[in-house]
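Using this note's numbering, read the sequence shown as starting at 1234 and increasing by one per residue. Yeah, the Cβ is synthetic: ideal placement off N, Cα and C, and Gly gets one too. Working notes, beginning with the structure itself.
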Amino acid sequence: MTKRTFIALGLLIFLRPVAPAQRLPTLPPGFSLTTITGLDPVTTMALAPDGRIFVCEQGGKVRLIVNGVLLSTPFLTVVVDSNYERGLLGITLDPNFSTNQYVYVYYTVPASGGNAAHNRVSRFTGNGNQGGSEVVLLELDPLGSQLHNGGALHFGTDGKLYIAVGNNHVDANSQDLTNLEGKILRINSDGSVPPNNPFCSTSPPDRCEIWAYGLRNPFTFGIQPGTGINLINDVGEDTWEEIDVGVAGANYGWGPPPPAVFCEGPNVRGSPIPCSSPPFTNPIYWYEHVEPEPPGPCAITGGDFYSAASGFPSQYFGMYFFADLCAGWIDYIDPNNPPGAGLATTFATGLTMAVDVLGGFDGNLYYLDRGNNGPAGSLVGIISYTGGGPTPTPTRTPTATRTPTRTSTPTNTPTPTNTSTPTKTATPTKTATPTITRTPTPTSTRTPTATFTNTPTLTFTPTKTRTPTLTRTPTLTPTPLPGAPTVSGIAPSSGPSAGGTAVTITGANFVSGATAKVGGVAATGVSVTDSSHVAATVPALAPGTLDDVTVINPGNLPGALAQGWLADFLDVPQGNPFHDDVETIFRLAITAGCGGGNYCPSSSVTRQQMAVFLLKAEHGSAYGPPACTGIFADVPCPSQYANWIERLFAEGITAGCGGNNYCPTSPVARQQMAVFLLKTEHGSAYGPPACAGIFADVPCPSQYANWIEQLHNEGVTAGCGGGDYCPAAPVLRGQMATFLVRTFGF
């Protein structure tokens, strides 16, 4: 059955009386299923650390599930264009959601006032179970087609927001670096653009937001906690569904030449010719469409890592689970040892129309199913391991097999009209949503896509007769390419931003002929010493940036170490006494420098800057303090540092500078710094031992003497030289780096 026939058949089913059709999956022994029902057609979901589930309905509502109960009042509602694949399509929560309650969504803004419909990324602030005001972070390009919107959102381990954008059914967009469609984007959580994105240094008009390109419809993707590995699920056109490793600056080969040649799976579209020549990056796993669709697979829709520390048996840890819209299964692969085409391991079968899969904080696996595609017909499934039996892991029979020569039979498809209104029922039937939409042309060029339909009436032109030009041979199933390498380290870990540093990259599975990139820029002098070591020379990079280190084996299989290389700050070069400590706190995201590729090591640390330094050192780089309330007269709300300063006050580390003021721009004296550091380290109730008279310029018993001497006793400071401590001197930013590293043991 062709995909167009499937679409028409779906409408005929929709017009029939409703019958039970929402299927529940068959699971391996020892697993159980819990479902939450009553949702309108769904698209994606996000899991909160507190156990709440945020579910997006395509029509614009974010619904909340709390303690297993679907709340009647939406968390928020946005006005959307929900035709076909448009609507509310993406959601993720801030890494520091527990304190700032930030929720990020991706949705289609309707056409209005002469402005075309377009997709948007916005941030909302939650207040309990209710969303607050909207902050627009990114407006995407105007839409022409209703297809290929993408929409997935996730935060990387680098704290950046990654965004999957479909090519809007315009293949040329995938290769065009002047628009954002057919790409993976990377922005900061406030909507600004990281300067170390791979195309920021190119000449305008390339878009700085672009992180990777050459994609068709990256419907979902998953980022592995800890490693930061990004696996992208790109919906194919006619032959292959693929899983790609996300790499900064990578080109996945979809789009018209030059330079792309429509790479789909590992091959040029519609042929057995490998897509193995640079600059294209091949997938690590792919599986083929199998007709009829359904029950054959048609579109990869959901995918995520199972990364919980406990829950499932250990054989599942680190596995990548993914779903197909038509086939009704959830499969998994080992991303470190991907199988051959179509040879993933089956985990669950018998789903209806799965669109999202997430690994939970609680050790469960969550999936989202559109069910009958009608009102209240969608559900959230929660798969738990309860034990009680063996856990077999059967390997699927390869599905990447077709008749050697494929021809299309001309089909005259009638034009059905939906004249009925879908009604809510306790036993809804599955409606075969138009899932793979193809624009008929006189040749065999087809454009299937994972499609959601909220429009009750669709009209289809009869299928045109096509010349059977697509001929395949029995050898179409490709031999698996060499395994992707693993990059675990680089030595040294930093060097001049001008480049030229000789390094050794360590890892595993390096193959002769491999190339290397640092920050998306090609390294020179690359030589594979053995399977665990690559020698290379680092290229010139933007100063004061952390850059991914990537090794690409022949066949364009990459392995990456996120932020492995620091391009030194211009004013803290190799040999500077503060270099190593500055690098340490920069890698920990306690500081981003002072701008322009500099750190300003000789500048004084102000009291407001100190609040940020201390709290990030104490709580971690992702920490964000609560909103300010207006404690100090000279620190009004909302100023840049107000919430940080007030949090320092709330933790008992400071009481201000007197007179209900904090003196935010005053330099921090070295004697004050001793108190700040020790109270942050040991708690507000801490009091150091009595002083003994270590420093000549800090006599006992002075106000700060015992604090200064305790800092000395803990090995944080040796004074300023000549037996003195220089208690009234300001703390410099270079010294601050050393104080933090030694106090907190970084």
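query, result
"In DSSP terms, what GLN1363 is bridged to", "ASN1360"
"Cβ neighbours of GLY1722 in the same chain (closer than 8 Å, five flanking residues each side left out)", "ILE1738, THR1739, GLY1740, LEU1794 and GLY1797"
"Extent of the continuous beta strand (DSSP E) to which GLN1796 belongs", "1790-1800"
"Backbone CA spacing between THR1325 and GLY1808 [nearest angstrom]", "42 Å"
"Coil, strand or helix - LEU1410 by DSSP", "coil"
"DSSP state of ILE1506 mapped onto helix, strand, coil", "coil"
"Under the three-state DSSP convention, the category TRP1473 falls into", "strand"
"Exposed unless 16 or more other CB atoms sit within 10 angstroms - verdict on ILE1506", "exposed"
"Of the residues ILE1462, THR1839, PHE1330 and CYS1827, the one placed nearest GLY1361, counting alpha carbons only", "PHE1330"
"Alpha-carbon spacing of GLY1826 relative to GLY1732, whole angstroms", "20 Å"
"Beta-carbon contacts of PRO1725 that lie in its chain and below 6 Å, excluding the five residues immediately before and after", "none"
"Span of the alpha helix (DSSP H) around ASP1391", "First-last for ASP1391: undefined, no H or E at that position."
"Nonlocal neighbours in the same chain, by C-beta distance under 7 Å from HIS1416, ignoring five residues either side", "Going by the sequence as given, residue 1416 is Lys instead of His. Within the same chain, LYS1416 has close Cβ partners VAL1398, ILE1443, ALA1445, TYR1446 and LEU1448."
"Cutoff 6 Å; reference PRO1431; Cβ partners in own chain excluding five residues on either side", "ALA1481, GLY1482 and GLY1753"
"Euclidean distance between Cα positions of ARG1975 and ALA1844", "18 Å"
"Simplified DSSP state of GLY1978, which is helix, strand or coil", "coil"
"Three-way DSSP call (helix, strand, coil) for THR1682 in this model", "Confidence at THR1682 is low in this model, with a pLDDT of 44, below 50, so its placement is unreliable and the value that follows should be read with caution. If DSSP states are grouped into helix, strand and coil, THR1682 belongs with coil."
"C-beta contact flag for VAL1964 and VAL1771 at 8 Å", "no"
"ILE1927, DSSP secondary structure in three states", "coil"
"Short Cβ contact (8 Å threshold) for PHE1928 with VAL1949", "no"
"8 Å Cβ cutoff met for SER1422 and ASP1564", "no"
"Enclosing beta strand (DSSP E) for ALA1875 [first to last residue]", "Taken as a continuous stretch (DSSP letters only), ALA1875 belongs to no beta strand (DSSP E), being part of the alpha helix (DSSP H) at 1875-1883."
"Bridge-paired residues (DSSP) for LYS1416", "VAL1398 and TYR1446"
"Buried or exposed (CB count within 10 angstroms, at least 16 for buried), ALA1951", "exposed"
"Residues of its chain near GLY1489, where Cβ-Cβ distance is below 8 Å and the 5 sequence neighbours each way are ignored", "According to the sequence displayed, residue 1489 carries Pro and not Gly. Excluding sequence neighbours, PRO1489 sits near ASP1404, ALA1405, GLN1408 and PHE1495."
"Test item: CB-CB of LEU1612 and ASP1602 under 8 Å", "yes"
"Run of the beta strand (DSSP E) containing ASP1957, from where it starts to where it stops", "ASP1957 -> no beta strand (DSSP E), and no H or E assigned at all."
"Alpha-carbon to alpha-carbon, LEU1847 and PRO1934", "27 Å"
"Cross-strand partners of MET1278 (DSSP beta bridge)", "VAL1288"
"Boundaries of the beta strand (DSSP E) in which GLU1521 is found, first to last residue", "1518-1521"
"Rounded C-alpha distance that separates ALA1755 from VAL1761", "15 Å"
"For PHE1882, the nearest candidate out of PRO1858, GLN1873 and GLY1365 (CA to CA)", "PRO1858"
"Whole-Å CB distance - ALA1875 paired with CYS1861, under 8 Å assumed", "4 Å"
"Alpha-carbon to alpha-carbon, VAL1312 and SER1434", "36 Å"
"Identity of the residue in PRO1512, VAL1342 and PHE1979 nearest LEU1371 by Cα", "VAL1342"
"One or two residues paired with LEU1272 in a DSSP bridge", "SER1611"
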